[in-house]
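This report refers to the structure that appears directly beneath it.
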Amino acid sequence: MSATAMPTAPAATDHLSGAEVVLRALKDQGVDVIFGYPGGAVLPIYDALFQQNHIRHILVRHEQAAVHAAEGYARSTGKVGVVLVTSGPGATNAVTGLVDALMDSIPVVCLTGQVPTHLIGNDAFQEADTTGITRPATKHNYLVKRSEDLARVVHDAFYVARSGRPGPVVIDLPKDILIKPAPYVDAPKAEAPHRSYRPVTAPNRDAILEAVRLLKRSERPIIYAGGGVINSGPEASRLLTEFVRLTGMPCTNTLMGLGAFPASDPLFVGMLGMHGTYEANLAMHGCDVMFNIGARFDDRITGRLDKFSVGSKKIHADIDPSSINKNVKVDVAILGDAGQVLAAMIEAWKSDDTPIAKDAQLGWWRKIDGWRSINCLAYTQAPEPGAIIKPQHAVKRLFEITQELGRETFISTEVGQHQMWAAQYFGFDKPNRWMTSGGLGTMGYGLPAAMGVQIAHPDALCIDIAGEASILMNIQEMGTLAQYRLPVKVFILNNEYMGMVRQWQELLHGGRYSESYSASLPDFVKLAESFHARGLRATKLGELDDVIREMIAHPGPVIADICVDQKENCFPMIPSGAAHNEMILGPDQEKNAASVTDEGKVLV
Amino acid sequence: MSAMDTRTATIAVLVENEAGVLARVIGLFSGRGYNIDSLTVAPVDEAGRLSRITVVTSGTEMVIEQIKAQLDRLVPVHKVADLTVEGPHLVRELALIKVVGTGDHRVEALRLADAFRARVVDATTESFVFEMTGNADKIDAFCALMRPLGLAEICRTGAVAIARGTRQMAI
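For the record, the sequence lines run as chains A and B.
Each position in the first sequence, counted from 1, maps to that position plus 152 in my numbering.
Each position in the second sequence, counted from 1, maps to that position plus 528 in my numbering.
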């Protein structure tokens with residue numbers, strides 16, 4: 153029946169249950185997939201899901217993984233990721249994922265079941281104070297106590313999750329609200345402003361002009377771009393690339409910002425921070441004007457604050473006013489969306505006639521090229537086929553082979569040494585291709601994240617670069633891969649240690665490897681097979697390329713167990729409590745870490 | 529003023545009067561390690577949809593700027609105003625002060641209360657409850673005077689504050 157055949161018919165929404173209202177609101181918000189796990193309090197939603205075809209549900213094996221999967225989905229598509237979990241343990245299991253999304257500014261809406269309203273506060277079965285627990289774990293949360301609020305709250309949650317600095321939002325849904333009829337209301341029109349939450353996105357013109365003039369007069373400029381550029385959408389990354397090429401200035405990316413500027417561009421000086429490149433960190437240290445766009449002067453970036461780029465003028469553009477002047481006092485603050493800021497900067501750069509300090513900038517580039525020539529990411533891989541595989545080399549070959557194949561490739565990681573090697577040796581030329589837990593540093597993030605990416609991009613190559621310790625934190629998701637035939641590749645750099653813990657123990661705690669050995673590991677090949685996946689292993693250099701090619705060629709999920717050098721450490725490294733110009737470049741300088749003071753050791 | 533100097537700030541926050549909003553504000557202060565010297569809250573509009581929170585806090589200039597920015601980005605927060613820097617403003621606090629005693633102490637307490645314009649709102653032959661409004665300093669001073677005279681109990685609301693003149697805080 154066409155819609156016009158019944159123009160005056162009452163809206164068919166009068167008799168919708170709360171659960172049906174929730175699903176209709178999700179559909180109207182453009183949701184096509186949700187990641188979840190059923191339970192008593194959310195049975196009405198699962199019943200409604202069963203009776204519709206608009207929204208696909210992916211059954212995970214643990215609620216934490218549902219949130220990470222939604223994060224992977226969100227980060228690779230720019231859309232809001234959606235999670236559905238039950239009350240009590242369902243909600244508490246999701247908390248790690250929520251904090252992860254909060255720290256990395258990922259838009260996620262998480263629906264949690266709740267005991268019926270009349271039982272709230274009675275310590276009912278599977279009751280938890282979900283809004284209380286998730287208040288500091290989310291950007292915002294709601295407990296729906298009245299049916300008439302239900303539809304509005306869902307729409308509101310999506311607006312809050314994706315607007316301004318994105319983040320996770322929880323909607324706690326008592327079971328009686330889901331069962332009772334509830335009125336449906338449409339999402340508010342774009343022009344109807346939110347009552348209280350209206351983040352500023354358009355930058356102030358004077359601040360833009362001041363920034364452009366500072367940069368034009370600068371003799372040693374640097375552009376430092378973070379995840380805010382990625383969050384703003386692919387257009388912001390395009391504008392960043394345009395701006396950097398227009399100005400000819402060096403550009404560095406944070407861990408969260410990788411892909412915002414093409415890694416293959418000669419103006420890219422690599423990632424900065426604790427395991428960033430020598431040239432990026434020294435350029436940050438020695439610059440006279442720094443333009444931070446969408447990054448937050450995180451402690452992994454700044455190292456020792458009182459020695460962080462002393463003497464430079466700092467311009468900071470961010471959509472979150474609380475990120476500006478939080479850790480580092482800046483000279484020019486620009487409040488706004490990264491894309492809009494960059495568009496305004498490009499426009500102002502072209503129209504402003506301040507002379508550019510060209511000669512001085514050429515000298516600055518010569519200096520940077522000198523730092524580059526140190527080749528801080530060099531490592532020594534013995535060439536014999538029987539040689540032990542260096543973890544850096546494994547990532548490098550993975551990158552090169554995926555480049556050769558030319559397939560659309562998405563990389564996620566767990567947390568630790570392998571994560572830093574992935575960031576250092578896998579080059580990203582486009583945004584939204586790199587999913588890693590930056591702020592919270594959540595081991596167990598990568599596999600479910602890759603799962604969410606694969607759902608969003610069924611034909612793409614999705615690889616989780618993992619460590620043997622991290623992967624075990626959400627290994628149960630191999631079951632989800634099998635159920636939905638998701639061809640995710642798990643590429644384990646297996647050094648039989650929690651490598652980053654071991655590295656710190658080696659450098660800072662006298663080589664006392666307290667509890668950092670991965671004892672009693674499973675046989676990852678057999679483990680893969682038991683989850684209906686393909687298991688592969690490389691133990692020496694001669695096997696590496698074949699395993700990588702076979703892993704990629706296999707049409708289903710694969711675990712590739714790459715047995716790598718157990719002693720390898722992640723360099724360069726700025727030891728805790730040190731400044732950018734006090735980097736350790738390689739094993740020869742490890743003794744420098746011994747000079748780390750107790751003050752430094754206190755830092756993580 | 530150097531970067532390490534601390535100051536007191538009286539901050540007014542206009543918020544949606546919804547469940548959990550106070551917990552959000554308090555959680556922000558405790559979670560980020562900021563001080564709360566006092567905090568008051570009550571609905572302020574006819575429909576009861578808006579509440580006004582007055583929070584007195586202290587910290588370095590950078591910390592106070594952070595507090596304001598962090599408050600302002602909470603979803604149910606409409607407006608944040610730092611009354612301390614935005615111009616002349618009034619700060620008032622209400623206190624109920626119980627003084628127990630007899631004889632000369634009792635007479636002296638009553639005389640001082642009169643000087644401080646504290647009102648007697650309850651009396652027995654052995655006690656007074658004084659009600660007074662004023663800024664925190666005035667109440668502190670009065671309490672200090674009452675201490676040797678049989679001060680038994682103090683109950684204070686914390687500060688409420690408003691800008692002088694025509695300046696308004698509304699959505």
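Cβ coordinates follow ideal geometry from the N, Cα and C atoms, glycine included.
Worksheet entry | Chain-ordered chain A contacts of residue 604 of chain B [CB-CB under 9 Å] | What you label residue 604 of chain B is simply residue 76 of the second sequence in a count that begins at 1. In chain order: 292, 347, 348, 349.
Item to complete: Taking a Cβ distance cut-off of 7 Å, strictly less, list which residues of the segment 577-601 of chain B are near chain A, in chain order.
Response: 590, 593, 594, 597, 598, 600, 601
Discussion item. Measuring alpha carbon to alpha carbon, tell me which residue in B:657, B:687, B:556, B:542 is nearest residue 571 of chain B.
Written reply: For the purposes of this step, residue 571 of chain B is identified with residue 43 of the second sequence, where counting begins at 1. It is B:542.
Worksheet item: Short check: CB of residue 170 of chain A to CB of residue 329 of chain A, under 7 Å?
Response: For the purposes of this step, residue 170 of chain A is taken as residue 18 along the first sequence, with counting starting at 1. For the purposes of this step, residue 329 of chain A is taken as residue 177 along the first sequence, with counting starting at 1. Yes.
Worksheet entry | Per-residue contacts from residue 544 of chain B into chain A (C-beta, under 9 Å) | By 1-based counting over the second sequence, the position of residue 544 of chain B is 16. Going along chain A in sequence order, the residues near residue 544 of chain B (Cβ under 9 Å) are 347, 348.
Worksheet item: Touch check for the segment 627-643 of chain B and the segment 583-593 of chain B: three-plus C-beta pairs under 8 Å?
Response: no
Item to complete: Give, in chain order, every residue of the segment 436-470 of chain A whose Cβ lies closer than 7 Å to some Cβ of chain B.
Response: none
Discussion item. If distances are taken between C-alpha atoms only, which option among A:740, A:739, A:550 comes closest to residue 699 of chain A?
Written reply: What you label residue 699 of chain A is simply residue 547 of the first sequence in a count that begins at 1. Closest option to residue 699 of chain A, Cα to Cα, is A:550.
Worksheet entry | With 16 other Cβ atoms within 10 Å as the buried cut-off, status of residue 491 of chain A | Position 339 of the first sequence, counted from the start, is the residue given in the question as residue 491 of chain A. Per the 10 Å Cβ criterion, buried.
Discussion item. If the criterion is Cβ atoms closer than 7 Å, does the pair residue 711 of chain A and residue 687 of chain A meet it?
Written reply: As a position in the first sequence, residue 711 of chain A is number 559, starting the count at 1. As a position in the first sequence, residue 687 of chain A is number 535, starting the count at 1. Closer than 7 Å, so yes.
Worksheet item: Listed in chain order, which residues of the segment 546-559 of chain B have Cβ atoms closer than 8 Å to some Cβ of chain A?
Response: 547, 548, 551, 552, 555, 559
Practice prompt. With a threshold of 16 other CB atoms inside 10 Å of the CB of residue 699 of chain B, please say whether the residue is buried or exposed.
Written response: Counting from 1 along the second sequence, the entry for residue 699 of chain B is found at position 171. Label assigned to residue 699 of chain B: exposed.
Practice prompt. Quick one: residues in its chain with C-beta nearer than 6 Å to the C-beta of residue 640 of chain B, no 5 flanking neighbours on either side, listed in chain order?
Written response: Translated into positions along the second sequence, residue 640 of chain B becomes position 112. Contacts found: 673.
Item to complete: Find out if the Cβ-Cβ distance for the pair residue 452 of chain A, residue 423 of chain A is shorter than 7 Å.
Response: Position 300 of the first sequence, counting from 1, holds the residue named residue 452 of chain A. Position 271 of the first sequence, counting from 1, holds the residue named residue 423 of chain A. In this structure, residue 423 of chain A does not lie closer than 7 Å to residue 452 of chain A by Cβ.
Discussion item. If contact is defined by three or more beta carbon pairs under 8 Å, each pair taking one atom from either stretch, is the segment 362-369 of chain A in contact with the segment 294-309 of chain A?
Written reply: no
Fill in: Neighbour list for residue 473 of chain A in chain B, Cβ cutoff strictly below 7 Å
Residue 473 of chain A sits at position 321 when you count from the first residue of the first sequence. Result: 597, 600, 601.
Item to complete: Note down, in chain order, every chain B residue with its Cβ under 7 Å from the Cβ of residue 288 of chain A.
Response: In the first sequence, the residue the question calls residue 288 of chain A occupies position 136. Within 7 Å Cβ-Cβ: 555, 559.
Item to complete: Just confirm the distance between the C-beta atoms of residue 498 of chain A and residue 648 of chain A, as a whole number of angstroms; I'd bet it's less than 8 Å.
Response: As a first step, residue 498 of chain A is located in the first sequence; it is residue number 346 there, counting from the start. As a first step, residue 648 of chain A is located in the first sequence; it is residue number 496 there, counting from the start. The pair is not a contact, with the Cβ atoms about 50 Å apart (cut-off 8 Å).
Item to complete: Please name the residue in A:318, A:694, A:183, A:638 whose C-alpha comes closest to that of residue 206 of chain A.
Response: Mapped onto the first sequence, residue 206 of chain A falls at position 54. Among A:318, A:694, A:183, A:638, the Cα nearest to that of residue 206 of chain A belongs to A:183.
Worksheet item: Under a CB-based cut-off of 7 Å, is residue 232 of chain A close to chain B?
Response: Against the first sequence, residue 232 of chain A aligns to sequence position 80. Not an interface residue.
Item to complete: Report the rounded CA-to-CA distance for residue 434 of chain A versus residue 389 of chain A, giving the unit in angstroms.
Response: Along the first sequence, one-based indexing puts residue 434 of chain A at 282. Along the first sequence, one-based indexing puts residue 389 of chain A at 237. Their Cα atoms are separated by approximately 24 Å.
Worksheet item: According to DSSP, is residue 480 of chain A helix, strand or coil?
Response: In the first sequence, residue 480 of chain A corresponds to position 328, counting from 1. Correct three-state label for residue 480 of chain A: coil.
Worksheet entry | Which of helix, strand or coil DSSP assigns to residue 671 of chain B | In the second sequence, the residue the question calls residue 671 of chain B occupies position 143. Residue state, collapsed to three classes: helix.
Worksheet item: Which residue or residues does DSSP assign as beta-bridge partners of residue 616 of chain A?
Response: For the purposes of this step, residue 616 of chain A is taken as the residue at position 464 of the first sequence. In DSSP, residue 616 of chain A forms a bridge with A:564, A:642.
Fill in: Residue from B:546, B:562, B:596 with nearest C-alpha to residue 576 of chain B
In the second sequence, the residue the question calls residue 576 of chain B occupies position 48. Looking at the Cα atoms, B:546 is the closest of the given residues.
Fill in: Three or more C-beta pairs below 8 Å linking the segment 622-634 of chain A and the segment 250-259 of chain A
no
Discussion item. My output table needs one value for residue 442 of chain A: the three-state DSSP class, helix, strand or coil.
Written reply: Indexing the first sequence from 1 puts residue 442 of chain A at position 290. Three-state DSSP puts residue 442 of chain A in a strand.
Fill in: Minimum Cβ-Cβ distance from residue 477 of chain A to chain B less than 7 Å
Here residue 477 of chain A refers to the residue found at position 325 when the first sequence is read from its first residue. Yes, residue 477 of chain A lies at the interface with chain B (some Cβ there is under 7 Å from its Cβ).
Discussion item. Let me see if you follow: with CB-CB separation under 7 Å, is residue 482 of chain A close to chain B or not?
Written reply: Working through the first sequence from its first residue, we reach residue 482 of chain A at position 330. It does not; no Cβ of chain B falls within 7 Å.
Worksheet item: chain B partners of residue 283 of chain A, CB-CB under 7 Å?
Response: One-based indexing of the first sequence puts residue 283 of chain A at position 131. Simply 548.
Worksheet item: What span of residues does the beta strand (DSSP E) with residue 321 of chain A cover, start to end?
Response: Here residue 321 of chain A refers to the residue found at position 169 when the first sequence is read from its first residue. Taken as a continuous stretch (DSSP letters only), the beta strand (DSSP E) holding residue 321 of chain A covers 320-326.
Worksheet entry | Sub-7 Å separation of residue 645 of chain A and residue 603 of chain A beta-carbons | On the first sequence, position 493 is the one that residue 645 of chain A refers to. On the first sequence, position 451 is the one that residue 603 of chain A refers to. No. Outside cutoff.
Practice prompt. For residue 614 of chain A, I'd like the list of residues in its chain whose CB is within less than 6 Å of its CB, leaving aside the five on either flank, ordered along the chain.
Written response: As a position in the first sequence, residue 614 of chain A is number 462, starting the count at 1. Answer for residue 614 of chain A: 562, 602, 605, 606, 640, listed in chain order.
Practice prompt. Say whether chain B places a C-beta atom closer than 7 Å to the C-beta of residue 251 of chain A.
Written response: Position 99 of the first sequence holds residue 251 of chain A. No, residue 251 of chain A does not count as interfacial toward chain B.
Discussion item. Measuring straight from C-alpha to C-alpha, what distance separates residue 478 of chain A and residue 469 of chain A?
Written reply: On the first sequence, residue 478 of chain A is found 326 positions in, with the first residue counted as 1. On the first sequence, residue 469 of chain A is found 317 positions in, with the first residue counted as 1. Using only the alpha carbons, I get a separation of about 13 Å.
Practice prompt. Confirm, please, whether the CB-CB distance from residue 443 of chain A to residue 467 of chain A is below 7 Å.
Written response: Translated into the one-based positions of the first sequence, residue 467 of chain A becomes position 315. Translated into the one-based positions of the first sequence, residue 443 of chain A becomes position 291. Yes, they are a contact pair.
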